[in-house]
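In the numbering used here, the protein residues as written are 104 to 357.
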């Protein structure tokens, strides 16, 4: 379960402003964002249980991000890890649309997902639920655990706050992290019914999730400006200590 809030071609200086939360069980082993030893051009965190990732960028300007589609009744325990959908794109060379066509042909191998992939020119979205490959339109978008721009409370709130944040000439990283840190639960009357029960719907309703065993493990800000400069900042939770470690990277697309 994750949350992606992004402004695409909606700021005079930035092609993309992305604010993302990764939600996961605290016990699942995870490596923080770094350039990978086995693929030095890839910058991403890593799921140490399966080896994939949930979001990342490359030095050549490729970007990918994933959320799960919440549908517990149809989850299969033998499905392949969805994290490979991100890592395979980041380590590949296919055009984003061509890559999603390949994914579309293999969609039955995975439990439900949403996948966002792009390069220096384009940004595309695919979910097996809609089964359509869509070029993302310029604007403010939100993606949680339903399809793109589904108006769940956290998506409505997050996109509204992001729209306010990018009205400023200079993007304030702290303001974006403050958005991702919002732990206010939605009213019961606004909650979706995704099959997990009312208590879990409440727990999962904020932008920032916290529970004894499961919650927001990392918060990430990615900006790509019109001069092809990438800034990538991650705050990653250390579950055993409760501390948040910050890592910052900046580079020009080659």
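Backbone N, C-alpha and C define an ideal beta-carbon position, used for all residues, glycine too.
- Beyond the five residues adjoining it in sequence on each side, residue 213 comes within less than 6 Å, by CB distance, of 182, 183, 185 in the same chain, given in chain order.
- Look at the segment 289-341 and you find these whole runs of alpha helix (DSSP H), each 4 residues long or longer: 301-307.
- Between residue 147 and residue 164, the C-beta spacing is not below 8 Å.
- In chain order, 214 place their CB closer than 7 Å to the CB of residue 179, counting only its own chain and leaving out the 5 sequence neighbours on each side.
- Taking the C-beta atoms as reference points, residue 308 is found no nearer than 8 Å to residue 357.
- Residue pairing of residue 184 in beta bridges, as defined by DSSP: absent, with no partner found.
- Annotation: residue 142 to residue 194 spans about 7 Å, alpha carbon to alpha carbon.
- Taking 8 Å as the cut-off, the beta carbon of residue 244 is found no closer than this to the beta carbon of residue 129.
- If you keep only unbroken beta strand (DSSP E) runs of at least 3 residues inside the segment 153-218, you get 158-161, 166-171.
- The beta carbon of residue 237 is closer than 8 Å to those of 227, 228, 229, 251 in its chain, skipping five residues each way along the sequence.
- In its chain, beyond the 5 residues on either side, 188, 218, 229 have a beta carbon closer than 8 Å to the beta carbon of residue 206.
- With contacts defined by Cβ atoms closer than 8 Å, residue 345 and residue 126 do not form a contacting pair.
- For residue 263, the three-state secondary structure derived from DSSP is helix.
- The beta-bridge partner set that DSSP reports for residue 133 consists of 150.
- Contact check for residue 323 against residue 337 passes: the beta carbons are separated by less than 8 Å.
- Beta-bridge analysis with DSSP links residue 244 to 109.
- If you check the CB distance, residue 269 and residue 114 come in under 8 Å.
- The DSSP-derived three-state label of residue 222 is coil.
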